[in-house]
Each structure stands twice: as C-alpha cells, then as structure tokens.
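The structure appears below as structure tokens.
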Amino acid sequence: MNAVLDELTWRGLIANSTDPEALAAHLDAGPVTFYVGFDPTAPSIHMGNLVQLMVVRALQRAGHRPLLLVGGSTGLIGDPKETSERLLNPRDVVAQWVERIRAQVSRFVSFEGENAARVVNNYDWTEPLSTIDFLRDVGKHFPVNRMLGREVVANRLESGISYTEFSYVLLQSLDYRHLFRTYGCTLETGGSDQWGNITAGVELIRRSDGAHVHALATPLLTKADGTKFGKTESGTVWLDPEMTSPYAFHQFFLNAEDAKVIDYLKVFSERPREEIEQLAELTRTEPHRRAAQRALADDVTDLVHSVEEREAAVAAASAIFGRGELRELAPRALDGVVAELGRHEVAAVALPSVVDALVLSGVVPSKSAARRAIEEGGAYVNNEKVTDPERMLSSGDLLPGGHVLVRRGRRTVGALTAV
RNA sequence: GGCAGGUUGCCCGAGUGGCCAAAGGGAGCGGUCUGUAAAACCGUCGGCUUCGCCUACGUAGGUUCGAACCCUACACCUGCCA
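To convert, note that position 62 of the first sequence is 63 in our numbering; the numbers rise steadily by one, no gaps.
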C-alpha cells in the first residue's frame, strides 16, 4: 500500500476509489498530476470544500502535483441537486465569485518547486468550444440510457430536471479529459456526492482516449446524530472571514462533540498520528479539559485564517467564558473581544434598557425573546445574571472603553459600545 | 376531462361558530447538571408601548354580535376513474 493512501485512509478521508491497488502502484511510480474542482455557487468556499483542500495538501506533501480547478463554466450551469432545479446565477456574479474562490483556494497549496500547484478555470476551454464539436467529441460518448440511471437524475425524473443540469456531467467529464490531455492529469478527487460526475470522466477518457485514469472520493462528514457537519444555527460555516468571523469559526470547532472530535481532528489537523492518538486518549480520560477540541479549533483556525486571528479568538473566548473579572481585563483585550463580536454603538447619554441592549447587540431576535430570556434566568450583563425585565443600563455598567457585554444562555454573546 | 379529499405556527399534526395565539410531537431556545460536549429532567417557543393590544390558520370576498371553523370565487396539492 502507498504511504499517502495509507495516511488518507487512516484519516478517514477515503470513501471510494477506482481500483485501489492500481492507484497505489500509480502513486508509488512517481509524481502524479491530480485535480479537484470548486464550483462558484457562493462568494466563498465552505467547510466541505476545506475537506477537499486537506486531501490536496496531503497529496502535494507527498510530492504530487495539484491542479485546482475553478468552475467558471460549470458554475454557470449548476450541478443537479437532489431536490430541485437551481436558479441560474448571472454571469457577472459568477465571474466575481470565480476570482474570490481562486484567491481562497490558492492559499492552501504551494506554488514552489517541482510539484508546484496550478489554478485553472474550465471557462478557458469550454467557452470557445462549438456546440457541434461538443456534441461530436463529448456527447457521442454518453449513452443517455446510462445517464438516466444515475441516482441524482433518477431522483429528479419525477420533479423534473432541465436539459442544462442533465448535461452538467458532460462538462465535468470534459474537464477531466482536458486536464488529462493538457497536463497529464491522471487522478481526480472530490466529495462522495461527486462520485458519479468523477467516474463519468474516468469513463470518458477510457472511451475516447483508451487510457485508464483514477478517482478518489472523500466521505461526507457528519455529526453524531447523522446530520451534516458544517452548519450552525446561523447557517453554513464559511472560510471567508467576512461571512463567518474567525471567532465564530474557532468556536464552531471548539464545540465539537466528544464522540466526533477525533474524526474531525484527523481530517482538519495535520498533526502526526501519535499526537492525535494521544489527544484521543485525553478525550477518554479527562474529557472536561477538551484538549482535542482546543487542538482542533486552534489548528484549523491557524490554517484557514492566521495565528494572530486564532490568538485573538482564543483571547476573546477566554474573556467571555473565563472566570476572570471582566473589569480587570486589559482595555485592549476588551476592544478585541468587542471587535470579534461586532461593534454596536449606543449614545452614552441615553443608555438603553437591558431588553433593548439584547436586541441591539443581535443576541435575541425580538424584545419578546429578550424578556423571555430574562424571565428564564438566561440573560447576563457583563457576566452577571439579570432578573429584572425593566432594568436599565447605567454608566456603572460600562467597562473600560465604554463597552457592555450582554449574553443569552451559555454562549450567545454580543457587545454594545457607548459613545 | 370526471369524482373525492386536502391546504393550520420552523416541520409534522389536532382542531369544524365563542372556553383558540390555536392540543400533541419534533426541531429550536433557556435553566438544572457538567466541560462553551452528549444524555436526562424542567421550562419556553408570533409581535408589541406586555396584567392589555395588534397580526395570524392557502388567496380574495361574504354570512354573523362573534369564524381557523359556515358560504362564494380563485390558486395549489393528493388520491380514484377516464
């Protein structure tokens, strides 16, 4: 067995592969050029995409050469979803997203050395292609009867599927063939939900070029209850710091369940096996320390954001959740906490009620919910429980810098700043 | 095209003239316990100027002192027959 494949297997990153032995031999034989695609369906990539990037990093570390494909053309078409037809995004919007995603994914690979990464955009070879050439050189290799049997398509026959989405698989297959012919790419990786699209490319290359190429798919990450990992109450966990703050990002991983934290650590942390096994042991023997959760949150935040952002997130969290007295915090640390939570200004001369403060800081959705929180004993000002629903904030509540921290429950925190 | 049934809060689902902001379950949220985990238990779960008022039971009208509940039209969905 090949060393990288071994590692990926141990990390739980392999759900499917075409002919594992042949792939192992191929990887052993020398540097392999491989590719993974990212479609611009949003202005940022998310945690699911990060899993793919972790695979890419592992392969590049092992000496293989990554091609990161940004789907400038496939993003204009849309991969068929299980449930319903996608809305087409405007061309200029997709073009914008292509640029943002290109910049995001580039941070995860090395562009130095023998096996330097390369970023490609399928728009470059799809856009100039004529319909006649497409139908003759690609379409001819796709039996419709087989396409109809694919799970996604079969599921959509009742609810309906447009010709556009039906054809998506041809474009992705064409990508693989183009990269095979142009760069000698012989491996495509992706999520297991992409398996059908990936193997279709393998098949196309076999039919039209008579070559045997490979594929690898990662499993879908789940929570202990079987639901998808990567969503919070407020939605998807994005990599863009504007969309998911580094603090929220760090918190998301810190709150990983005991039952799953080691699985996540294997995927998102590049620590060696012994260290992860040690952390697994610590999770068993002294779970309250949450050593694995801390390692996970720190490692991923370091990788996706920066060491500075991670340190700021940890400092903010320890201020909010720590035992220390808020008033004794250094003013600078407090400013940092407020920045992480989002700054909301109020007039120092007319300080609001606690109810209004909870709403203004975004900690609760309505005044009714704010009152309820107080009645339930789940509302706090500067870490002190509030019991009077009529209570007003006063100048005595202001921390250095004019800040007030409000909290609902254990971990929903917001800040107001009096100016 | 004909016949029958349905459309209720985030989701499922009861309610057939006043006692309905609407039973029950799930999800969510808060509390207790803990470790900013999980489970369990208790509470909560439209909004507001909060002991009261406003908006809500597919859409638009109507009957009535009063309608989620009755009538009319429309839209959509589901069965059965052609």
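For each residue, glycine too, the CB sits at the ideal point set by N, CA and C.
Distance between beta carbons of residue j and residue i, contact taken as under 8 Å
| i | j | result |
| --- | --- | --- |
| Cys186 | Thr34 | 5 Å |
| Leu327 | Leu406 | 7 Å |
| Pro81 | Val153 | 5 Å |
| Ser107 | Val95 | Wrong, their Cβ atoms sit about 18 Å apart, outside the cutoff. |
| Val71 | Val57 | Rounded, the Cβ-Cβ distance is 13 Å, inconsistent with contact. |
| Val356 | Ala371 | 4 Å |
| Tyr381 | Arg412 | At roughly 11 Å, the Cβ-Cβ gap does not stay under 8 Å, so Tyr381 and Arg412 are not in contact. |
| Leu361 | Met393 | That belief does not hold up - the Cβ atoms of Leu361 and Met393 are roughly 13 Å apart, past 8 Å. |
| Glu115 | Ser163 | Going by Cβ atoms, the distance from Glu115 to Ser163 rounds to 44 Å, so no, they are not a contact pair. |
| Val98 | Pro44 | Before going on, a small fix: residue 98 reads as Trp here, not Val. Yes, Trp98 and Pro44 are in contact; Cβ-Cβ is about 5 Å, under 8 Å. |
| Asp226 | Phe269 | So it is not a contact: roughly 20 Å between Cβ atoms. |
| Pro247 | Glu310 | 4 Å |
| His345 | Thr418 | 7 Å |
Collapsed DSSP secondary structure at residue i in the structure displayed
| i | result |
| --- | --- |
| Arg408 | strand |
| Phe35 | strand |
| Met393 | strand |
| Thr223 | strand |
| Thr286 | helix |
| Ser18 | strand |
| Leu255 | helix |
| Leu77 | helix |
| Leu280 | helix |
| Leu217 | strand |
| Leu24 | helix |
| Lys229 | strand |
Buried or exposed (CB count within 10 angstroms, at least 16 for buried), residue i
| i | result |
| --- | --- |
| Tyr177 | buried |
| Asn198 | buried |
| Phe181 | buried |
| Met48 | buried |
| Lys267 | buried |
| His179 | buried |
| Asp398 | buried |
| Pro41 | buried |
| Leu51 | buried |
| His289 | exposed |
| Phe112 | exposed |
| Leu69 | buried |
| Pro91 | exposed |
| Val308 | exposed |
| Thr200 | buried |
| Ile133 | exposed |
| Asp259 | exposed |
| His404 | buried |
| Gly211 | exposed |
Residue span of the alpha helix (DSSP H) that contains residue i, given as start and end
| i | result |
| --- | --- |
| Leu417 | Taken as a continuous stretch (DSSP letters only), Leu417 belongs to no alpha helix (DSSP H), being part of the beta strand (DSSP E) at Thr413 to Ala419. |
| Asn50 | Met48 to Arg62 |
| Ser319 | Val308 to Phe322 |
| Leu330 | Unbroken run through Leu330: none, as it is neither H nor E. |
| Val238 | Note, Val238: premise wrong, no alpha helix (DSSP H); not H, not E. |
| Arg147 | Val145 to Gly150 |
| Val387 | It is not in any alpha helix (DSSP H) - Val387 carries neither H nor E in the DSSP assignment. |
| Asp259 | Asp259 to Phe269 |
| Thr245 | Note, Thr245: premise wrong, no alpha helix (DSSP H); not H, not E. |
| Ile162 | Segment: none, Ile162 is in no alpha helix (DSSP H) and carries neither H nor E. |
| Asp7 | Ala4 to Trp11 |
Unbroken beta strand (DSSP E) run spanning residue i, endpoints
| i | result |
| --- | --- |
| Val71 | Arg66 to Val71 |
| Ala380 | Ala380 to Val382 |
| Val301 | First-last for Val301: Ala292 to Val305, but that is the alpha helix (DSSP H), not the beta strand (DSSP E). |
Mind listing, in chain order, the continuous alpha helix (DSSP H) runs of no fewer than 4 residues lying wholly within the region 333-377?
-> Counting only runs of 4 or more, we get 355-361 and 368-376.
Quick one: which unbroken beta strand (DSSP E) runs of 3-plus residues sit fully inside the region 170-215? Chain order, please.
-> Complete beta strand (DSSP E) runs here, min 3: 186-192.
Inside the region 108-138 only - beta strand (DSSP E) runs reaching at least 3 residues = Counting whole runs of 3 or more residues, the region 108-138 contains the beta strand (DSSP E) stretches 119-122.
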